[in-house]
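Worksheet: the structure to be examined is printed underneath.
Numbering (my numbering), first residue to last: 21 to 345.
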């Protein structure tokens, strides 16, 4: 049986030049490198320069993904940008990215699912590609979370950073088995009853301001592992695979303790887990493609590998995508 699959042609990522270490933060708020590393595993994060926009980060990552894929920007007919920190309230920042890439055809839009945004965007692009509404998609996760942080709140400002990652997807024929290259299955969830556990206290319709990120850290941690397990196990069940079949587990890079606990509960070998948060912290929708790009470029992720992507974020939203490289 022939089926359409969305295969990854190339990846790219970008981190702003400014690197803010834990030692730097200790000069700003009451914290320490030891305190941050012990609780999160984060040692540094990158901060966008003044005037450097989410769209700028997205374009930098997109250009690297296009170069890696050997695809010209003009061959892209769909751009999906996952972000919670758009350039403007409207238009969608994806349209700005489209313009900066010199494109005037195809279609572009944003997906807003916070830290789960990249998984949501990949699943959405996959649906468009499989149904023939698009042939090649540029999927990006990009954030400038430094713009919505309360830099006096040590419980949140130490966690987040700025960055972007991207992939180029192309529709291709598969045989309908788990040996096919491309996206094999995606599973998305949300539960708005948890909104007050991780949110921004502003918005155009509520306060008329941008607001700052607020989080109940213990509550987020308490729910994260079970939610991650839920969607990863759903992906395994849908494909008849299991943790032993995985080559790589690439989770949302939020907290080392959440990643370790999730992998342990799922029975995933720690050697198969890609972790990059030490260098860039929680970059929300950008964290998975940042980690994916690093693992591809250093040779860990290779053709034929079975790769699980998963994330959980504000909303709550959570999701997982299983793909064959």
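We put the beta carbon where it would ideally sit given N, CA and C, even for glycine. The structure presented is a predicted model; accordingly, all values stated were derived computationally and were not measured.
Exposed or buried, which one is residue 54 when buried takes at least 16 other CB atoms within 10 Å? exposed
Smallest Cα separation from residue 279: which of 256, 240, 262, 255? 240
Which one of 213, 221, 336, 225 has the shortest CA to CA distance from residue 137? 336
Report the residue from 31, 321, 44, 63 whose alpha carbon sits nearest the alpha carbon of residue 301. 63
Taking Cβ positions, are residue 38 and residue 66 nearer each other than 8 Å? yes
Using beta-carbon positions only, say whether residue 168 and residue 230 come within less than 8 Å of one another. yes
By how many angstroms is the C-alpha of residue 57 removed from the C-alpha of residue 202? 35 Å
CA nearest to the CA of residue 342, picked from 328, 44, 332, 303: 328
Looking at residue 117 and residue 75, is the spacing between their C-beta atoms short of 8 Å? yes
Between which residues of its own chain and residue 21 is the CB-CB distance below 6 Å, once the five residues before and five after are set aside? 196
Indicate whether residue 162 and residue 249 have their beta-carbon atoms separated by less than 8 Å. no
Would you call the CB atoms of residue 95 and residue 125 closer than 8 Å? no
Per DSSP, what are the beta-bridge partners of residue 97 in this structure? Paired residues: none, contrary to the question.
Between the region 181-197 and the region 219-235, are three or more C-beta pairs nearer than 8 Å? no
If you follow the alpha helix (DSSP H) that residue 309 is part of, which residue opens it and which one closes it? 307-317
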